[in-house]
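**Q**
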Amino acid sequence: MSRIDELKAWYVSLQQRERLVLAIGAAFVVVMLVYAVLLRPYFSSLHALKDDIERQQTQLVSMRQLSVQIQAMRGQQPSSLPRDQSLLAVVDRSASEAGFGTALKQVQTNSDGTVHLQLQAASFDKLMRWLGDLHRQYGISVQQLIAQRGTGPGSVDANLTLQAPAS
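If you use our numbering, the sequence shown corresponds to residues 1290 to 1456, in order.
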C-alpha cells in the first residue's frame, strides 16, 4: 500500500467532525501560505515604493529650490582682474594670503597668458577653498589640475594651470 493510499484510508476512518476540523485547518494553512508567499511581499514592496516616492519628492523639492538659486547665480558674473594687476600678480598675492607660502614652489606665466603653479604638501581643503575664492572674486578658472596624495594627511602635491576670465 502506498503512502497516499494510507493517508486516504486514515482520512476516511476519521469522524465527520474531525474531517471538518482537518479541512478548516488545511484551509487556514493554505491561506497563511498564500499570505506569506504572495501578499506580504507584495504589500512590503508597495510600502517601500511609497516611501521611496516620498523621499524622491522631497529631493525634487529641494533640487528645484537649488535650481532657482543656481539660475539666480548664473546672472552674476564673477569679478574681473583689477585693471592694474596681471593674472600672475593676483594669483601670487592671493596664494600668499591663503597661506600657501611654504607649499608654493613655483609660479610662472605661460606663453598663452595662463599661470602655472606647483604646490607641495598643500592642504587639499585649503586649495579647493582658494580656487573657489579665485573664481568668485576674480573669475579665474582652473584650466588644468593634477594632484597627487601628499606625505601628510589631507595634503596634496599639485600642478595647476589658472586662466584669467575672458574679457
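Here a beta-carbon is modelled for each residue, glycine too, at the ideal position from N, C-alpha and C.
(1) Where does residue 1347 fall in DSSP's three states?
(2) Assuming contact is defined by CB atoms lying nearer than 8 Å, are residue 1431 and residue 1420 in contact in what I supplied?
(3) What residue range does the beta strand (DSSP E) around residue 1397 cover?
(4) Considering only residues of the same chain and omitting the five flanking positions on each side of residue 1422, which have a CB-CB separation below 8 Å?
(5) To the nearest angstrom, report how far apart residue 1398 and residue 1443 are at their CA atoms.
(6) When we look at the beta-carbon of residue 1376 and count the other beta-carbons within 10 Å, is it buried (16 or more) or exposed?
(7) Hey, could you find the ends of the alpha helix (DSSP H) residue 1301 is sitting in?
(8) Reducing DSSP to helix, strand and coil, say where residue 1446 ends up.
(9) Please tell me whether residue 1408 and residue 1393 are closer than 8 Å, where the distance is taken between their beta carbons.
(10) Please say whether residue 1435 and residue 1453 have beta carbons closer to each other than 8 Å?
(11) Thinking C-alpha only, which one of 1449, 1439, 1411, 1440 is nearest residue 1429?
**A** Considering the structure as presented:
(1) The answer is helix: DSSP assigns residue 1347 an H, G or I state.
(2) Cβ distance < 8 Å, so residue 1431 and residue 1420 count as in contact.
(3) If you look at residue 1397, you'll find it in the beta strand (DSSP E) that goes 1393-1398.
(4) So the list reads 1383, 1387, once near-sequence residues are dropped.
(5) About 28 Å.
(6) So residue 1376 ends up on the buried side.
(7) Boundaries of the alpha helix (DSSP H) around residue 1301: 1292-1302.
(8) Look at residue 1446 here: in three-state DSSP terms it is strand.
(9) Pairing residue 1408 with residue 1393 gives a Cβ-Cβ distance under 8 Å.
(10) Not closer than 8 Å, so no.
(11) That would be 1449, whose Cα lies nearest to the Cα of residue 1429.
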